[in-house]
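Below is one structure, written out as structure tokens; comments come after it.
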Amino acid sequence: MPYVDGFVVPVPKDKIEAYRAMAETAGAVWREHGALEFHECIADDVKAGEVTSFPQAVQLKEDETVFFSWIVYNSREERDVINEKVMNDPRLKDTMTPESMPFDGKRMFWGGFNTFVSL
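Residue numbers (full-length UniProt numbering): 1 to 119.
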């Protein structure tokens with residue numbers, strides 16, 4: 001079953017197009033290095049909850065929106081190899097510093113997941 005990395009990130013609304021450009025480059029790099037799928041999704045029906053929610057998880061500000069993203073791999077082992085190549089790819093070096101990111105990386109969260117059910 002596939003392995004998935006999931007990400008949630010707050011993006012300022014005035015930096016959505018910069019985020020798109022970064023994501024398009026990153027997606028091409030991930031796919032070139034072996035990722036099966038690369039998805040970036042912008043919030044549409046995402047409300048603050050009473051206990052927890054996407055906005056609460058990233059401490060969303062009024063001028064921001066939430067992105068939910070995921071990358072699919074054949075396995076955890078392949079993901080680890082692919083991610084090492086991606087992190088060393090010169091096309092992404094300039095986008096990996098806090099000052100060059102079109103979002104606050106401190107409020108981003110992510111994790112790796114084994115597929116549990118797939119229909």
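Even for Gly, the Cβ is constructed at its ideal location relative to N, Cα and C. Values in this document were obtained by computation on a predicted structure and should not be read as measured data.
Beta carbon of residue i nearer than 7 Å to that of residue j
i: residue 9; j: residue 67; result: yes
i: residue 116; j: residue 69; result: no
i: residue 59; j: residue 107; result: yes
i: residue 119; j: residue 72; result: no
i: residue 33; j: residue 85; result: yes
i: residue 46; j: residue 38; result: no
Buried or exposed by the 16-neighbour rule on C-beta atoms within 10 Å, applied to residue i
i: residue 22; result: buried
i: residue 91; result: exposed
i: residue 48; result: exposed
i: residue 40; result: buried
i: residue 28; result: exposed
i: residue 110; result: exposed
i: residue 11; result: buried
Cβ of residue i within 7 Å of any chain C Cβ
i: residue 15; result: This model lacks chain C altogether; it includes just one protein chain.
Nearest candidate by alpha-carbon position, reference residue i, set the options
i: residue 44; options: 65, 51, 34; result: 65
i: residue 120; options: 47, 85, 77; result: Nothing can be reported for residue 120, as the shown portion of the chain is limited to 1 through 119.
i: residue 101; options: 1, 13, 18; result: 18
i: residue 14; options: 110, 63, 84, 74; result: 63
i: residue 25; options: 103, 16, 95; result: 95
At 3 residues or longer, what runs of the beta strand (DSSP E) sit wholly inside the region 56-110? 64-73
In chain order, which alpha helix (DSSP H) runs of at least 4 residues are fully inside the region 13-58? 16-32, 54-57
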